[in-house]
Amino acid sequence: MKPVITLVGRPNVGKSTLFNRLTRSRDALVADLPGLTRDRHYGEGRAGSRPYLVVDTGGFEPVAKEGILYEMARQTRQAVEESDVIIFLVDGRLGLAPQDAAIASYLRKTGRPVFLVVNKAEGMRYGAVAAEFYELGLGDPRAISSAHGDGVTELIEEALEKAYAGRPEEDEDAAARGTKIAIVGRPNVGKSTLVNTLLGEERVIAFDMPGTTRDSIYIDFERKGRPYTLIDTAGIRKRGKVFEAIEKFSVIKTLQAVSDANVVILLLDARQDISEQDAHIAGFIVEQGRALVVGVNKWDGLDEHVRERAKADLARKLRFLGFAKNFFVSATEKTGIGPLMRAVDEAYAAAMAKLPTPKLTRALIEAVEHQQPRRKGPVRPKLRYAHQGGQNPPIIIVHGNALDAITDSYKRYLEGRFRETFGLVGTPLRIEFRSGD
Ligand code: GDP
Ligand code: GDP
């Protein structure tokens, strides 16, 4: 699981500026999907070979309440407590604020590793900018400029040193026997019920795997002869005959599970409107490039009018998930589960597909013959060949000239052609352009 770095600090210290800098490299990869809800509060970054997740708790704060600690919403505290490293930002231009002291004392109590970081320090002498922050009792302040980038690389490298310390060497698939599935969704949509439905009748191969702690987050099971590994998002534990969630909803665990999974089942509740939280989770799944199947749960016993409303809500609010299939299921009545799991298999196959260069290039050339990219001024982009640059999600790298001039709509056209040629359903597909020569 990727470590989580959480940004904390009072408003305006520069959390979102730092967040953007830490996740920027990823932005270029994100498909420009109409209707996609970009959440600017959690994202992924990478330093060398080390990936990490970043959470900006600024987004969790309620708007108008009194007292910063009171304001620190439950979600913020939970995020802090579940993170590997906290970056606590203060403002080097405004200096020490009373709220900083309150946050510092809270952070000290949590016992989490904290990096005290003085932001906006560009052009200032370290001694002058750092001095007053020693009294926060969080060790030597580090000085950075989020806006200009000074000191950010060093900060993140140190933070990752801490976050990765004591972790077993990344052996991503060591614990997984089959397709890694994460079932995510808001509280009460029916995640643990679905887990029980999936696991109940099936053989749980290694819930307590040898060599892993009791906290193991991987649950292996088999269904119709196929191996799967369920990534636990809610602290699902076996209690007697059933599995139940022992923890409340956790943003961090959801993010980690999504980013660790091959296929995500996004579970919605047919009896509730799709919320912003649903859309944010969906957005994160797309950003992470995970294969996805949408399950609309609690479909049992609903009258036609409620069903139509649920379908319309889905089409409107999650239309950017056009690549994923929707299933209307009931975890309690065990209906729709077979098709849902077949779609998981199909999405996995698409996500892991091998796309040979000759076939990709042929598909590209045929697409261009059928519809040329538009000129931009005097230049017409020239697309020459394509090869696969990655899996889960599949990345297709298109080579040619003047590819900067390719429009989003032409990119979507190409995506459609590639999907059709290779039968890619249930996975995001990324297309990158490389102009050469
Ligand atoms: P947040 O509320 O903590 O997320 O803060 P923002 O990232 O929105 O930044 C608040 C303001 O501080 C914005 O006007 C930023 O442009 C500015 N800011 C952020 N980082 C720096 C920095 O390193 N130097 C300077 N001078 N300004 C910065
Ligand atoms: P979680 O918080 O997402 O893990 O949700 P739970 O699995 O704990 O389910 C929350 C509530 O919804 C429980 O009372 C379940 O019995 C109920 N529930 C779950 N699935 C279904 C379903 O398919 N149909 C109906 N009618 N209720 C369901």
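Numbering of the sequence shown is given in our numbering, commencing with residue 1130 and proceeding in unit increments.
Even for Gly, the Cβ is constructed at its ideal location relative to N, Cα and C.
Anticipated Cβ contact below 8 Å, residue i with residue j, distance rounded
i, j, result
"Phe1413", "Leu1384", "6 Å"
"Tyr1243", "Phe1217", "Per the sequence shown, the amino acid found at residue 1243 is Val instead of Tyr. About 5 Å; that satisfies the 8 Å criterion."
"Ala1311", "Ile1360", "5 Å"
"Ile1403", "Leu1447", "6 Å"
"Ala1480", "Thr1556", "4 Å"
"Arg1271", "Leu1284", "6 Å"
"Val1392", "Tyr1263", "No, Val1392 and Tyr1263 are not in contact; Cβ-Cβ is about 49 Å, not under 8 Å."
"Lys1440", "Arg1400", "That belief does not hold up - the Cβ atoms of Lys1440 and Arg1400 are roughly 13 Å apart, past 8 Å."
"Glu1261", "Thr1239", "Glu1261 to Thr1239, Cβ: 23 Å. No contact."
"Gly1529", "Ser1564", "6 Å"
"Val1508", "Ala1492", "With 8 Å as the limit, Val1508 and Ala1492 do not qualify as a contact, their Cβ atoms being about 24 Å apart."
"Ile1560", "Glu1544", "6 Å"
"Ala1259", "Ser1274", "Actually they do not touch by this definition, with Cβ atoms about 13 Å apart."
"Tyr1542", "Gln1501", "Incorrect: roughly 11 Å between the Cβ atoms, too far for contact."
"Ala1390", "Arg1436", "29 Å between Cβ atoms; not a contact."
"Leu1265", "Leu1245", "6 Å"
"Asp1442", "Thr1464", "Contact doesn't hold; Cβ gap of about 20 Å is too wide."
Rounded C-alpha distance that separates residue i from residue j
i, j, result
"Lys1488", "Val1458", "37 Å"
"Pro1468", "Leu1421", "14 Å"
"Val1473", "Arg1513", "34 Å"
"Gln1406", "Gly1143", "24 Å"
"Asp1349", "Ser1538", "41 Å"
"Ala1411", "Leu1553", "19 Å"
"Leu1484", "Leu1182", "29 Å"
"Ile1074", "Ala1460", "Outside the shown range of the chain, which is 1130 to 1566, sits residue 1074, and nothing can be said about it."
"Asn1521", "Gln1417", "9 Å"
"Gly1174", "Ile1525", "21 Å"
"Asp1220", "Ile1134", "19 Å"
"Arg1315", "Tyr1293", "29 Å"
"Ala1231", "Val1214", "19 Å"
"Arg1445", "Gln1228", "41 Å"
"Phe1378", "Ala1408", "16 Å"
"Ala1482", "Pro1523", "7 Å"
"Lys1309", "Ser1388", "11 Å"
"Asn1149", "Val1137", "14 Å"
"Lys1291", "Gly1252", "28 Å"
"Asn1141", "Ala1226", "12 Å"
"Gly1256", "Val1247", "12 Å"
"Thr1282", "Thr1146", "14 Å"
"Lys1540", "Leu1396", "30 Å"
"Lys1454", "Asp1398", "16 Å"
"Arg1532", "Gln1517", "Here residue 1532 is Leu; the residue named in the question, Arg, does not match the sequence. Distance between the alpha carbons of Leu1532 and Gln1517 is about 17 Å."
"Lys1320", "Gly1177", "35 Å"
"Leu1558", "Gly1451", "12 Å"
"Val1318", "Asn1325", "14 Å"
"Gly1506", "Thr1186", "44 Å"
"Thr1322", "Gly1268", "46 Å"
"Leu1328", "Gly1354", "13 Å"
Host beta strand (DSSP E) of residue i (start-end)
i, result
"Ile1526", "1524-1530"
"Pro1134", "Sequence check: residue 1134 is Ile here, not Pro. Segment 1133-1137, the beta strand (DSSP E) holding Ile1134."
"Leu1218", "1214-1220"
Any chain D beta carbon closer than 7 Å to residue i
i, result
"Phe1378", "Reference to chain D is not applicable here, since this structure consists of a single protein chain."
For residue i: DSSP bridge partner residues
i, result
"Ala1272", "Val1247"
"Arg1559", "Ile1524"
"Ala1311", "Ile1360, Val1393"
"Glu1351", "Pro1356"
"Arg1150", "The partner list for Arg1150 (beta bridge, DSSP) is empty, contrary to what the question assumes."
"Phe1456", "Gly1424"
"Arg1179", "Ala1176"
"Val1184", "Thr1135, Tyr1171"
"Ser1564", "Gly1529"
Opening and closing residue of the alpha helix (DSSP H) in which residue i lies
i, result
"Tyr1171", "Taken as a continuous stretch (DSSP letters only), Tyr1171 belongs to no alpha helix (DSSP H), being part of the beta strand (DSSP E) at 1171-1176."
"Thr1326", "1320-1329"
"Val1209", "1203-1211"
"Pro1227", "1227-1239"
"Tyr1255", "1255-1259"
"Arg1548", "1537-1551"
"Leu1284", "1281-1293"
What ranges does the alpha helix (DSSP H) occupy inside the segment 1465-1518, keeping only unbroken runs of at least 4 residues that lie completely in it? 1466-1480, 1486-1499
**Message:** To test your reading of the DSSP string, which unbroken alpha helix (DSSP H) runs of 4 or more residues are found completely within the segment 1377-1453?
**Reply:** 1380-1389, 1405-1417, 1433-1446
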